[in-house]
Amino acid sequence: MITVKNLKKSFGELTAVDDVSFSINKGEVFGLLGPNGAGKTTTINIIVGLLKPDSGLVEIDGNSDPTKSSVRTRIGNAPQTLALYDMLSGRENLEFFGKLYGLSGSKLKERVDWALDFGRLTDRQKDRVGTYSGGMKRRLNMAGAVIHDPPVILFDEPTVGVDPQSRNMIFDSIEDLKAQGRTIVYTTHYMEEAERLCDEVAIIDHGKILDLGTVRDLTKQYGGPALIEAEYESLPDDISGLPGEFEGNTVRIETEKPMEDLAKLTRNGHTLRQLRIDQPDLETVFLNITGRSLRD
Amino acid sequence: MGKIITLALKDLKVLSRDKGSVFWVLFFPLLVALFFGSIFSGGGGGPSGMKIAVVDTDSTDYSIAFAEELSGLSSLQVSRIPADSAIDKVRRGKLSAVVTIKKGFGQTLGMFTDSAMIEIGVDPSRKMTVGYLQGLLTQSHFRLLQKRYADPESWRMGMDSLLADTSFWEKAPPGTEEIGRSIIGSFKELSHYISTSGETGTSDTTSDSAGTTAEAKKEDGFNLFPMKMTTITNDEAGPRSSFEITFPSSMLWALIGIASAFAVSIVKERTAGTFLRLRLAPISRMQILAGKGLACFLSSLVVTIILLLFGNLVFGVRIGNPVILLIAVIATSYCFVGISMLVSTIGKTEESVGGASWGILLVSAMTGGGMIPLMFMPGWLVTISHFSPVKWGILAIEGGVWRNFTFSDMLMPLGMLIGIGTLTFAIGATILSRRDS
Ligand SMILES: Nc1ncnc2c1ncn2[C@@H]1O[C@H](COP(=O)(O)OP(=O)(O)O)[C@@H](O)[C@H]1O
Ligand SMILES: [Mg+2]
Numbered sequence: 344m345i346t347v348k349n350l351k352k353s354f355g356e357l358t359a360v361d362d363v364s365f366s367i368n369k370g371e372v373f374g375l376l377g378p379n380g381a382g383k384t385t386t387i388n389i390i391v392g393l394l395k396p397d398s399g400l401v402e403i404d405g406n407s408d409p410t411k412s413s414v415r416t417r418i419g420n421a422p423q424t425l426a427l428y429d430m431l432s433g434r435e436n437l438e439f440f441g442k443l444y445g446l447s448g449s450k451l452k453e454r455v456d457w458a459l460d461f462g463r464l465t466d467r468q469k470d471r472v473g474t475y476s477g478g479m480k481r482r483l484n485m486a487g488a489v490i491h492d493p494p495v496i497l498f499d500e501p502t503v504g505v506d507p508q509s510r511n512m513i514f515d516s517i518e519d520l521k522a523q524g525r526t527i528v529y530t531t532h533y534m535e536e537a538e539r540l541c542d543e544v545a546i547i548d549h550g551k552i553l554d555l556g557t558v559r560d561l562t563k564q565y566g567g568p569a570l571i572e573a574e575y576e577s578l579p580d581d582i583s584g585l586p587g588e589f590e591g592n593t594v595r596i597e598t599e600k601p602m603e604d605l606a607k608l609t610r611n612g613h614t615l616r617q618l619r620i621d622q623p624d625l626e627t628v629f630l631n632i633t634g635r636s637l638r639d
Numbered sequence: 210m211g212k213i214i215t216l217a218l219k220d221l222k223v224l225s226r227d228k229g230s231v232f233w234v235l236f237f238p239l240l241v242a243l244f245f246g247s248i249f250s251g252g253g254g255g256p257s258g259m260k261i262a263v264v265d266t267d268s269t270d271y272s273i274a275f276a277e278e279l280s281g282l283s284s285l286q287v288s289r290i291p292a293d294s295a296i297d298k299v300r301r302g303k304l305s306a307v308v309t310i311k312k313g314f315g316q317t318l319g320m321f322t323d324s325a326m327i328e329i330g331v332d333p334s335r336k337m338t339v340g341y342l343q344g345l346l347t348q349s350h351f352r353l354l355q356k357r358y359a360d361p362e363s364w365r366m367g368m369d370s371l372l373a374d375t376s377f378w379e380k381a382p383p384g385t386e387e388i389g390r391s392i393i394g395s396f397k398e399l400s401h402y403i404s405t406s407g408e409t410g411t412s413d414t415t416s417d418s419a420g421t422t423a424e425a426k427k428e429d430g431f432n433l434f435p436m437k438m439t440t441i442t443n444d445e446a447g448p449r450s451s452f453e454i455t456f457p458s459s460m461l462w463a464l465i466g467i468a469s470a471f472a473v474s475i476v477k478e479r480t481a482g483t484f485l486r487l488r489l490a491p492i493s494r495m496q497i498l499a500g501k502g503l504a505c506f507l508s509s510l511v512v513t514i515i516l517l518l519f520g521n522l523v524f525g526v527r528i529g530n531p532v533i534l535l536i537a538v539i540a541t542s543y544c545f546v547g548i549s550m551l552v553s554t555i556g557k558t559e560e561s562v563g564g565a566s567w568g569i570l571l572v573s574a575m576t577g578g579g580m581i582p583l584m585f586m587p588g589w590l591v592t593i594s595h596f597s598p599v600k601w602g603i604l605a606i607e608g609g610v611w612r613n614f615t616f617s618d619m620l621m622p623l624g625m626l627i628g629i630g631t632l633t634f635a636i637g638a639t640i641l642s643r644r645d646s
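Top line first, the protein sequences correspond to chains A and B.
Heads up: take any position in the first sequence, counting from 1, add 343, and you land on our numbering.
Heads up: take any position in the second sequence, counting from 1, add 209, and you land on our numbering.
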């Protein structure tokens, strides 16, 4: 559905996107994961045709010019910087965006109602956007991207500056879209979001894609061992056959097979007072690839 | 075209909801027109009353009583002069109408009769006058408005409270507070100056020295009245009230406000990120620019027409030649669309464009006679004024109001307006479309 090949884009001295390639299948949610300044937004802007790459090419549905009207109507983009008219109501914003895509009459009304529901904004539709909370504005910004029912949708950091409740609404909405078989590009610098939503993830830093794959594969490759920390009610008499290192009643295990080791600990009916298992996640993956933590 | 209209309607909606913009675009120009109109109006058909002559050919108790009744109306200034000189004065615009009480008025009063006993003689270009005289109901409403706006003192008090109203200024468009305050401040001073100096100045202007030239009168300083005398003697064209001068310039003020508001809105579209959304949609750059231009043009038309109608209905500002006037308004609006486009490229933030656009437009207003009529300006300033779109706009509009311009008279101002408009639009649009490619 989307193919990106050897994209390059520099702003003066700075190379914002450096030889980026990936391809996304229809119906897939693809995550671009990287810290601020990694080049995510620049990549998105090239895909949707807001920026011309210095070199490389983008193909959407076999079409290589995203600025063509017929391609534009097939793409929805929720920009990272909110793109809304504060003086207009939520509904008026969506009506305006819909009209720009050629919608009118009952079709327009139907789509606006749908998009308001998508953004969970139906009861605030008549209020001016200027009065909305950060989370509501984000949701409206996303609704504006899907008003024209595009098969390809790009969400650029849709959860920045959003309260937990809105965040969950946003996840639900994106999962709905996924269930409808749309192709989605999702950028974030939050690991757990990519983990929850994305079929495939590209880890990007300093304009370069460091690695790319399913969350599971990347975790396997770069995640390292899981960590188990368990505290016994009372220490078993014989601990020599047990894995890990003991310190009082507490045992700590670094392991590739956390479940097997956990079974060993509780053999012979020994009970645990506390248990913590740290599975490797994308956070660790990023740390292991770049040597840096994702969050600033 | 449909999408251009969609874009334009969106802009009109946004603009009309922005209280700061509405003030600068509509109320401020009105304030200019009424304020200057009121302080300059020393007589003539101003708000102090419509000048009419009553000719009583009946000379019965009833006709005398009727004439006295008319004289008692504060909205009328009634003079009792012979019929032929009254008619002459109407023809020359000195009087709005001559009301003749015909013989038999007293005798037939209160009886049903087929023949009209009152005749209103009026200049055909002043169709409004007939309605005005007849409209007793609307008259009382007008009187109320006039009273309020004809008093410079109340204006000064109004401006003081406006200056003191901090919540108002917080809502003003970015970058405009300082300029706005200084304009209103200088109006205040000006009004004081004029109302004190006017008292000594009016004594010789009230004398009907029709032959005096503008040249000689110039030395009298800040007084609008002598100018009216001379233009009347030339070709029977001339402003009949100070409002016929202040309303055309107020229309230019409105256009300046609109040009500035749209320049800011073009920038705001970028700073608010919505420009991205427009560029993502299946519309072209030209459509986006055309949408802005159309919105600017439409609001210019609407606001100038509102001002014109207000001036016409309340202050008797003539619509001398509706066709010429419409052409003038369209050309002037067109010109300011281009200017708005160019001014929007001055800066990249709303503050810088808002402030700079008012600065530039203020200078073109001052040099173009938007604040002080050109005839009071020194020669070098008059030369500079040829480059001011404000000057040509005022000239074109006055051409349709009282200058009795013919189409060939209009060629020069129209050419300048369309030329300046096209040039500034082209430069502005080029800069804008280069900026983000
Ligand atoms: N228009 C621009 N001009 C100059 N530098 C830019 C521009 N846009 C982005 N950059 C730079 O390119 C790099 C990548 O930016 P961006 O794509 O926005 O990163 P991300 O979205 O991952 O946070 C950053 O260093 C940013 O400062
Ligand atoms: Mg970004």
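Each residue gets a CB set at the ideal place from its N, CA and C atoms; glycine is no exception.
- The three-state reading of DSSP puts B/V223 in helix, counting H, G and I together.
- Buried is the label assigned to B/L239, since at least 16 other Cβ atoms lie within 10 Å of its Cβ.
- It is roughly 6 Å from the alpha-carbon of A/I552 to the alpha-carbon of A/A545.
- Straight-line spacing of the CA atoms in A/G487 and B/I533 works out to 46 Å.
- Against A/S636, chain B offers no close residue; the least beta-carbon distance is about 29 Å (beta-carbon pairs closer than 8 Å).
- Using a 10 angstroms sphere on the CB of B/I327, the tally of other CB atoms stays under 16, which defines it as exposed.
- Closest in alpha carbon position to B/L372, among B/K380, B/R390 and B/S597, is B/R390.
- In the three-state reduction of the DSSP assignment, B/R612 falls in the coil class, being assigned neither a helical nor a strand state.
- The CB of B/A472 never comes closer than 8 Å to any CB in chain A; the least such distance is about 17 Å.
- Annotation: A/D542 to A/E371 spans about 6 Å, alpha carbon to alpha carbon.
- Against chain B, a Cβ distance below 7 Å from A/G487 picks out R486.
- Neighbourhood of ligand 1, defined by CB distance below 6 Å to any of its heavy atoms: A/F354, A/L357, A/A359, A/G377, A/N379, A/G380, A/A381, A/G382, A/K383, A/T384 and A/T385, in chain order.
- With a threshold of 8 Å between beta carbons, A/R415 makes contact with chain B.
- Judged by the Cβ position, A/E500 qualifies as a neighbour of ligand 2 at the 7 Å threshold, a heavy atom of the ligand being closer than this.
- Relative to A/P586, the option among A/Q523, A/Y475 and A/E597 whose CA is nearest is A/E597.
- Taking 8 Å as the Cβ-Cβ cut-off, the stretch 415-433 of chain A approaches chain B at R415, T416, I418, N420, P422, T424, L425, A426, L427, Y428, D429, M430 and L431, given in chain order.
- Nearest CB-CB separation between B/P587 and chain A: not below the 8 Å threshold.
- Secondary-structure assignment with DSSP links A/Y575 through a beta bridge to A/L615.
- F439, F440, K442, L443, Y444 and G445: these are the residues of the stretch 436-448 of chain A whose beta carbon lies less than 8 Å from some beta carbon of chain B, given in chain order.
- The beta carbon of A/L393 sits closer than 8 Å to some beta carbon of chain B.
- For the pair B/A276 and B/V307, the CB atoms are not nearer than the 8 Å cut-off.
- Around the beta carbon of A/G405, a 10 Å sphere encloses fewer than 16 other beta carbons of the protein chains shown; the residue is thus reported as exposed.
- Ranked by Cα distance from B/F519, the first of B/T554, B/L235 and B/L218 is B/L235.
- Within 7 Å of the CB of A/S412, the CB atoms of chain B belong to P491, in sequence order along the chain.
- The closest heavy atom of ligand 2 lies 7 Å or more from the beta carbon of A/Q508.
- Taking non-hydrogen atoms of ligand 2 into account, the C-beta of A/Q617 is found less than 7 Å away from none of them.
- Taking a Cβ-Cβ cut-off of 8 Å, the neighbours of B/K222 in chain A comprise M430, L431 and E435, given in sequence order.
- At a cut-off of 8 Å between beta carbons, B/D369 makes no contact with chain A.
- Going by C-alpha positions, A/F354 is about 19 Å away from B/R479.
- Distances from the alpha-carbon of A/G374 to those of A/M534, A/V414, A/Y565 and A/R616 put A/M534 closest.
- Burial is judged here by how many other beta carbons sit within 10 angstroms of a residue's own beta carbon; B/K228 has fewer than 16 and is exposed.
- Setting aside the 5 residues that flank it on each side, A/N388 is surrounded in the same chain by L394, each with a C-beta closer than 6 Å to its C-beta; the list follows chain order.
- In terms of Cβ geometry, A/L431 and B/K222 form a close pair [threshold 8 Å].
- In the pairwise beta carbon analysis, the stretch 566-582 of chain A is classified as touching the stretch 618-631 of chain A: at least three pairs are separated by under 8 Å.
- Interface annotation, B/G628: not in contact with chain A, CB-CB separation never under 8 Å.
- A heavy atom of ligand 2 is found nearer than 7 Å to the CB of A/Q423.
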